[in-house]
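Novice: Residue numbers (this note's numbering): 37 to 279.
Even for Gly, the Cβ is constructed at its ideal location relative to N, Cα and C.
It should be emphasised that the depicted structure is a prediction, and the values quoted were computed from it without experimental measurement.
(1) Roughly how many whole angstroms lie between the Cα atoms of residue 44 and residue 117?
(2) Under 9 angstroms, do residue 183 and residue 110 count as touching if we go by C-beta distance?
(3) Put residue 70 into one of helix, strand or coil per three-state DSSP.
(4) Roughly how many angstroms lie between the CA atoms of residue 194 and residue 119, to the nearest whole one?
(5) Here's the rule: buried if 16 or more other CB atoms are within 10 angstroms of the residue's CB, otherwise exposed. What is residue 115?
(6) Return helix, strand or coil for residue 44, following the three-state DSSP convention.
(7) Answer with buried or exposed for residue 71, where buried requires no fewer than 16 other C-beta atoms within 10 angstroms of its C-beta.
(8) Spatial neighbours of residue 252 within its chain, please: C-beta separation below 6 angstroms, excluding the five flanking residues on both sides.
(9) Say whether the segment 174-183 touches the segment 211-218, bearing in mind that this needs 3 or more beta-carbon pairs closer than 8 angstroms, one atom from each stretch.
(10) Do we get a CB-CB distance below 9 angstroms when we pair residue 80 with the residues of chain B?
(11) Quick check on DSSP: helix, strand or coil for residue 214?
(12) Can you tell me whether DSSP reads residue 111 as helix, strand or coil?
(13) Which of helix, strand or coil does DSSP assign to residue 209?
(14) How would you call residue 96, buried or exposed, if buried means at least 16 neighbouring beta carbons within 10 angstroms?
(15) Does the separation of the CB atoms of residue 153 and residue 58 fall below 9 angstroms?
(16) How about residue 161 and residue 77: are their beta carbons less than 9 angstroms apart?
(17) Do you know offhand how far residue 63's Cα is from residue 98's?
(18) At the level of alpha carbons, what is the spacing between residue 192 and residue 100?
(19) If you run the structure through DSSP and keep just helix, strand and coil, what is residue 50?
(20) For residue 186, which residues of its own chain have a beta-carbon under 6 angstroms away from its beta-carbon, when the five flanking residues on both sides are left out?
(21) Does the segment 77-95 come close enough to the segment 236-254 to have 3 or more Cβ pairs within less than 8 angstroms?
(22) How would you write the range of the alpha helix (DSSP H) that residue 185 sits in, first residue to last?
(23) Does the beta-carbon of residue 215 have 16 or more other beta-carbons within 10 angstroms, so that it is buried, or is it exposed?
(24) From 247, 223, 200, pick the residue whose C-alpha is nearest to that of residue 316; which is it?
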């Protein structure tokens with residue numbers, strides 16, 4: 037069977053749903069990382085506090101709190117990286133037993149699709165999981181870079197290199213957080229993509245639910261309201277490219 041023949045195994049609705057899946061993944065990510073200045077996302081708001089954290093670190097003695105906080109962030113990325121690896125292994129195992137999966141679906145009257153169709157559906161999920169794993173690993177490494185920069189910040193606030201190095205640490209911290217958030221979004225869409233195993237229509241519904249959840253948490257959540265309503269002047273600082 038040629039690739040042209042295999043493509044015909046998928047309906048136009050299937051192809052449109054998969055295209056929308058990737059478009060939504062890219063679109064919601066761009067919207068979160070590049071919001072309008074008048075309506076910043078939670079990620080952008082928190083980025084300002086990350087910069088302020090590094091500035092406050094310069095005068096904090098000792099810096100045990102800063103070290104513990106950064107260690108907690110690294111533990112989070114390590115946990116999700118490990119979880120992504122396990123999920124990838126599970127999907128690979130399912131792909132290896134795609135024929136059995138197709139038989140189960142046929143017995144349940146869900147679908148009569150051949151093995152190839154199930155393999156492609158599972159591969160889409162694995163694409164998101166693989167991207168998530170790579171983002172979490174890079175985030176973990178960047179938080180390590182941030183730890184090194186924090187250690188290089190002089191204890192003397194009057195030292196001319198103290199604030200510039202703290203600013204560098206803040207930017208690396210923000211970049212690490214951006215990769216972490218991108219990894220989380222990939223996990224969200226990986227879960228949503230499993231709806232395609234049932235059909236194209238469930239996948240379209242899953243895409244809408246996933247985008248709605250992400251949009252609400254970044255633009256309409258209580259945590260965002262708390263950040264916006266602060267009176268310390270931090271809520272609207274930071275550029276629209278931070279996350």
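Specialist: In short:
(1) In the chain shown, residue 44 corresponds to position 8, counting from 1. In the chain shown, residue 117 corresponds to position 81, counting from 1. Taking the straight line joining both Cα atoms gives about 36 angstroms.
(2) Counting from one through the chain shown, the residue named residue 183 turns up at place 147. Counting from one through the chain shown, the residue named residue 110 turns up at place 74. Against a cut-off of 9 angstroms, the Cβ pair of residue 110 and residue 183 comes out as a contact.
(3) To locate residue 70, count along the chain shown from 1; it is residue 34. In this structure, residue 70 counts as coil in the three-state DSSP scheme.
(4) As a position in the chain shown, residue 194 is number 158, starting the count at 1. As a position in the chain shown, residue 119 is number 83, starting the count at 1. If you take the alpha carbons of residue 194 and residue 119, they lie about 44 angstroms apart.
(5) Within the chain shown, numbered from 1, the residue matching residue 115 stands at position 79. Per the 10 Å Cβ criterion, exposed.
(6) Locating residue 44 in the chain shown gives position 8, counting from the first residue. Three-state DSSP puts residue 44 in coil, outside helix and strand.
(7) Counting from one through the chain shown, the residue named residue 71 turns up at place 35. Buried, by the Cβ-count rule.
(8) Start at 1 with the first residue of the chain shown, and residue 252 comes out as number 216. Excluding sequence neighbours, residue 252 sits near nothing in its chain.
(9) Verdict: yes, contact present.
(10) Any reference to chain B falls outside this structure, which holds one protein chain only.
(11) Residue numbering aside, residue 214 sits at position 178 when the chain shown is read from its first letter. Helix.
(12) Numbered from its first residue, the chain shown carries residue 111 at position 75. The answer is helix: DSSP assigns residue 111 an H, G or I state.
(13) For this step, residue 209 is matched to residue 173 along the chain shown. Residue 209 falls in the helix class under three-state DSSP.
(14) Here the question's residue 96 lines up with position 60 in the chain shown. Within a 10 Å sphere around the beta-carbon of residue 96 sit fewer than 16 other beta-carbons, which makes this residue exposed.
(15) Position 117 of the chain shown holds residue 153. Position 22 of the chain shown holds residue 58. No, they are not a contact pair.
(16) Residue 161 sits at position 125 when you count from the first residue of the chain shown. Residue 77 sits at position 41 when you count from the first residue of the chain shown. No, Cβ-Cβ distance for residue 161 and residue 77 is not below 9 angstroms.
(17) For the purposes of this step, residue 63 is taken as the residue at position 27 of the chain shown. For the purposes of this step, residue 98 is taken as the residue at position 62 of the chain shown. Taking the straight line from one Cα to the other gives about 43 angstroms.
(18) Counted from its first residue, the chain shown places residue 192 at position 156. Counted from its first residue, the chain shown places residue 100 at position 64. The alpha-carbon of residue 192 is positioned some 16 angstroms away from that of residue 100.
(19) In the chain shown, residue 50 corresponds to position 14, counting from 1. Helix.
(20) To locate residue 186, count along the chain shown from 1; it is residue 150. Cβ neighbours of residue 186 beyond the five flanking positions: 205.
(21) yes
(22) Counted from its first residue, the chain shown places residue 185 at position 149. Its alpha helix (DSSP H) spans residues 151-188.
(23) The sequence position of residue 215 within the chain shown is 179, counting from 1. Under this definition residue 215 is a buried residue.
(24) What is shown of the chain runs 37 to 279, which leaves residue 316 out entirely.
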